[in-house]
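In the numbering used here, the protein residues as written are -1 to 129.
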């Protein structure tokens, strides 16, 4: 279903698996348009288990997010695409690492909830256009 604030052609459908020790969600980023969405859903709904190689087109991206919530389980992000995304992903990973390091270095000096919320926005890279 379309979410408010998104461009008219964007459709978001999420299905997550929440287990005792982990939570997982798969995201498919595909070209806009109902034809591509219909094709993707059909390729994922067949009687045979599809491979990512057969499902993804050149501009598509598949992302699997796994969060470990129990001892011995870990967080993971898996990204797959026919396109070479290494430079973009490496750039994002460096940016994430710098943001996390900056956030963690400030944790003991956050005096109140507002300071915490500002730190989380900076961690996430969110820029608000409000005073």
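Using N, Cα and C, we set each Cβ at its ideal position, and we do this for glycine too. Remember, it's a predicted structure, so these values are computed and weren't measured experimentally.
One alpha carbon belongs to residue 57, the other to residue 29, and they sit about 7 angstroms apart. Under DSSP, residue 66 forms a beta bridge with 20. Secondary structure note for residue 74: its beta strand (DSSP E) is the uninterrupted segment 74 to 78. Take residue 76, set aside five residues on each side of it, and the residues of its chain with a beta-carbon closer than 6 angstroms to its own are 62, in chain order. Residue 52: member of the alpha helix (DSSP H) spanning 50 to 53, first to last residue. Residue 121 sits in a helix when the DSSP states are folded into three classes.
Taking C-beta atoms as the reference points, residue 59 and residue 42 fail to come closer than 8 angstroms. If you look at residue 39, you'll find it in the alpha helix (DSSP H) that goes 32 to 42.
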